[in-house]
Amino acid sequence: MILRRLQYVVSHFKTSRSTNQTLRLNSSLLKNFYQQSSKDAVLIRGHNVYVLPWESNVVFLNTIREPIPWMISLYYYSRYGDGNRAMGNTVDDTSFDECVARNLSYCVPKLFQYLKYFCGESPVCRSHDALSTSKSNFDSFLVVGLTEEFRSFIQLIDILLPDVYGGILAVYDQNVKQLHNRTRTKKKQGPLEETIRKLKERRDVQIMYEFYNFVKRKFHRLHRCVLGED
């Protein structure tokens, strides 16, 4: 919505293919779209796994969410949707807390689902070694923001990419309430302390938090530097 307010034509990659097919096609789809587009600035938006920059003037941006809130939103969104999309009635009304307490297999997403946007398509990205690869790839991004501090992310890209995002902070501030209403996950419940404790004992969740905290430190440092607060 914000990009359209800035009068951009938005191309959003979306596929119904399996995960493996999507991974194989992801890099070539992005490159082909970029090469066939005009020589003017092109914005490519979508949930795409990490690909190596193929030209020096390609700028990557991303955001990341704290792992446990991300899991909870994903869990309830897959059942009930949000203000943009209704997922239909579900016969499974198990809460996230109940799901974790019963050790059901679908409660916690795989580590790959959290790191794929930073690790990429390599087989290593499906192992615990995905953490080091994701950290190595981090420098390919101009900015990686935090969903919890989204306005600060918008503020940075407004400053750092004025030819593309100039004025986006003002547009965001004018539409923030509408955006929150449209993207708020339905029927989402906060987790119990026992749920948080149990999740944080898991090695895969610990790896997610290690990467999240790595990004958080980098983001706060960049924000202070750009705004002259260091």
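In the numbering used here, the protein residues as written are 1009 to 1238.
C-beta atoms are modelled at their ideal positions from N, C-alpha and C, and glycine is treated no differently.
The Cβ atoms of Ser1160 and Leu1169 do not sit closer than 9 Å to each other.
In the structure shown, Asn1056 falls within a coil segment according to DSSP collapsed to helix, strand and coil. Under the Cβ criterion (8 Å, minimum of three pairs), the stretch 1136-1156 counts as touching the stretch 1069-1081. Residue range Pro1170 to Tyr1173 is occupied by the alpha helix (DSSP H) that includes Val1172. Partner residues in the beta bridge of Val1152, as assigned by DSSP, are Asn1070.
Between Pro1077 and Met1216, the C-beta gap is not smaller than 9 Å, which leaves the two residues out of contact. Membership of His1228 in the alpha helix (DSSP H) is indicated by the continuous run Arg1211 to Val1234. Following the DSSP letters along the chain, one finds Asn1145 inside the alpha helix (DSSP H) bounded by residues Ala1138 to Asn1145. Within the same chain, and ignoring the five residues on either side of Gly1128 in sequence, the residues whose Cβ sits closer than 8 Å to its Cβ are Val1057, Tyr1058, Val1059, Leu1060, Thr1141 and Asn1145.
Cβ atoms of Leu1150 and Gln1163 stay farther apart than 8 Å, at about 14 Å. The beta carbons of Ala1109 and Phe1120 sit no closer together than 9 Å. Tyr1083 is classed as buried because its beta carbon has at least 16 other beta carbons within 10 Å across all chains shown. Between the C-alpha atoms of Pro1117 and Met1079 there is a straight-line separation of about 7 Å.
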